[in-house]
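> Following this note's numbering, the numbering of the sequence shown begins with 11 at its first residue and continues without gaps. Heads up, the beta-carbon is just placed ideally off N, CA and C, and yes, glycines get one too. First, the structure itself, so that you have it in front of you.
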Amino acid sequence: MCQVDEEYNGQLEHRVTPRVSKKCVKCKENTAVLIIRAGDAFCRGCFKEYFIHKFRAMLGKNRVIFPGEKVLLAVSGGPASSSMLSQVQEGLSRDAPKKLRFVPGIIYIDEGGASGQSMEERERAVAQLESVFRATNYHYHIVHLEQVLSLPSSVLEAGSSATEKPQTGSSYKAAVDQFIQTKKNQHPDFSVENAQSHLSSLSMQKVENGVTSPITPEHTQALQRLFASVRTLTAKEDLLYTLRQHLILHTARTQGYTKVMMGDSCSRLAIKLLSNISLGRGASLATDTGFSDPRYGDVVIVRPMRDYSSKEIAYYNRMFDIPSVFIPGLDTKAQDKASIQHLTESFVTKLQTDFPSTACFTAVAVLSHRGDCRIRISRRRNECYTEACTLKRD
């Protein structure tokens, strides 16, 4: 009886199991402690340098954030946004070789009212996140999802982008030189090092932090009735995303932030890409997954974590003790087929396990390349299209 490998036994390829005992691919000296992808084994020091450099390179390559700008960090407590907060702290520290030049703030949206959490559970999660936020000494805002019911209708309107700076290399350098020259005129003994220290100290100033206006049981019940009126989990997750974006955008505008940093990883963007295609939103894929999203005009959303996979983020947080808080959401403990978003997440996660280089990097990279042209055309025509829903309330 014929066998498959009777004549080709020596020619068949055997899968090589990666070994952690191999040397680091970067320094070639230390023993590797982790393997990101096949052939990419790093020691502890080189992996930290690689992780930090990728974050700095993403910001430096795009040059969207200008010196002295107020940037709002959207932190959900998850691994990706917590790692983003850690990278900003690293970039603003005095030991950083090239300090970041913006003034950060933090926002957390408490979504417990939509997911059915009790007030005790919500207060416990907020207390854990507040301890993390206080350690950074950054100005932070904790906003309850119920506050979206009292937002003005102007949040649905695109702000004026007349003050937007042209995003070119020369204009960025001119902005840096102008910032340093202004400080030199005000203080003759001001130097470049003092300018960087001054920008870092701006984020350390003691300002009023904490939870915004308190919520009432009536607000929570109104929010729960709103979500109860939505039949499918797919629509509920879509509604939650829209309400969250409205709150973040409103807070950024009222507090003077011109940029919003989202902690969307490459894996998360791949899930969003496929989900939006399934939901019929292919026209906005470029801005939904690109580095910058200028659709809102006066506030630009940036995604500096879009080149990181969820595996890289998990390794970094575990190795360097980055704190994160698990907060259950709408899809917690739900079956794979409960919603389009959850089914897509299950598919991408399994795909990334079997094919690490295919799951997210290829799709997001191709879409980003195609999306740059669309964004430039949209800016030239001065168009701003925003996915927003008008809520009808009694």
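Would you please state the rounded distance, in angstroms, between the beta carbons of Ala90 and Gly273? I believe it to be under 8 Å.
4 Å
> Are the segment 262 to 282 and the segment 311 to 318 touching, with three or more C-beta to C-beta distances below 8 Å?
yes
> Got a sec? Which residues, its chain only, sit under 6 Å from Gly101 by beta carbon, not counting five neighbours each side?
Leu110
> Would DSSP call Ile332 helix, strand or coil?
DSSP places Ile332 in coil when its eight states are reduced to three.
> If you draw a straight line from the alpha carbon of Val358 to that of Tyr118, how long is it in whole angstroms?
27 Å
> By the 10 Å Cβ neighbour count, where 16 or more other Cβ atoms means buried, how is Gln265 classified, buried or exposed?
exposed
> Whole-angstrom Cβ separation of Val113 and Glu156, contact assumed at under 8 Å?
In fact, because the Cβ distance is near 29 Å, the residues do not count as touching under 8 Å.
> When the Cα atoms are used, what is the spatial distance from Ala106 to Thr41?
26 Å
> For Phe143, I'd like the list of residues in its chain whose CB is within less than 6 Å of its CB, leaving aside the five on either flank, ordered along the chain.
Ile116, Tyr150
> Are the CB atoms of Leu139 and Gly87 nearer to each other than 8 Å?
yes
> Can you tell me which of Lys347, Thr299, Ile152 puts its alpha carbon nearest to the alpha carbon of Leu257?
The candidate whose alpha carbon is nearest that of Leu257 is Ile152.
> Does the count of Cβ pairs from the segment 60 to 73 and the segment 314 to 330 closer than 8 Å reach three?
yes
> Starting from Ile75, follow its DSSP beta bridges and name the residues at the other end.
Note: Ile75 sits in no beta bridge, so no partner.
> Grab me the residues of Ile287's own chain with a C-beta within less than 8 Å of its C-beta, minus the 5 sequence neighbours each way, in chain order.
Leu295
> Is DSSP giving Lys108 helix, strand or coil here?
coil
> Could you give the residue range of the alpha helix (DSSP H) that holds Pro114?
Where Pro114 is concerned, there is no enclosing alpha helix (DSSP H), although the beta strand (DSSP E) it sits in stretches over 113 to 120.
> Of all the options Arg132, Arg104, Gly123, Glu322, which has the alpha carbon lying nearest to the alpha carbon of Val229?
In the sequence under discussion, the amino acid at residue 229 is His, which differs from the Val named in the question. The shortest Cα separation from His229 among Arg132, Arg104, Gly123, Glu322 belongs to Gly123.
> The alpha helix (DSSP H) with Val153 in it runs from where to where?
Careful: Val153 lies outside any alpha helix (DSSP H), inside the beta strand (DSSP E) at 149 to 154.
> Could you tell me if Glu8 is buried or exposed, where buried requires 16 or more neighbouring beta carbons within 10 angstroms of its beta carbon?
This structure cannot speak to residue 8, because the chain is shown only from 11 to 404.
> With a CB to CB cut of under 8 Å and the five nearest residues on each side skipped, what residues in its chain are close to Val136?
The beta carbon of Val136 is closer than 8 Å to those of Tyr118, Asp120, Ile152, Val221 in its chain, skipping five residues each way along the sequence.
> Can you tell me where the alpha helix (DSSP H) holding Ala262 begins and where it ends?
243 to 265
> Let me know if Pro224 comes out buried or exposed under the rule of 16 or more other beta-carbons within 10 Å of its beta-carbon.
exposed
> So, with DSSP's three-state summary, where would you put Ile225?
coil
> Can you tell me which residues form a DSSP beta bridge with Phe57?
Phe57 is not bridged to any residue.
> Starting from Leu83, trace the beta strand (DSSP E) in both directions and tell me its first and last residue.
Following the DSSP letters along the chain, one finds Leu83 inside the beta strand (DSSP E) bounded by residues 80 to 84.
> Do Arg305 and Thr299 count as a contact pair if the criterion is CB distance below 8 Å?
no
> Would you kindly work out how many angstroms separate the C-alpha atoms of Ile281 and Thr354, rounded to a whole number?
6 Å
> With three or more beta-carbon pairs closer than 8 Å as the criterion, would you say the segment 340 to 356 touches the segment 232 to 245?
yes
> To the nearest angstrom, how far is the alpha carbon of Val98 from that of Gln351?
29 Å
> Rounded to whole angstroms, what's the CA-CA distance from Gly55 to Gly292? Just pull it up for me.
41 Å
> Under 8 Å between the Cβ atoms of Ser92 and Ile337?
no
> Considering Met94, what are the terminal residues of the alpha helix (DSSP H) in which it resides?
89 to 102
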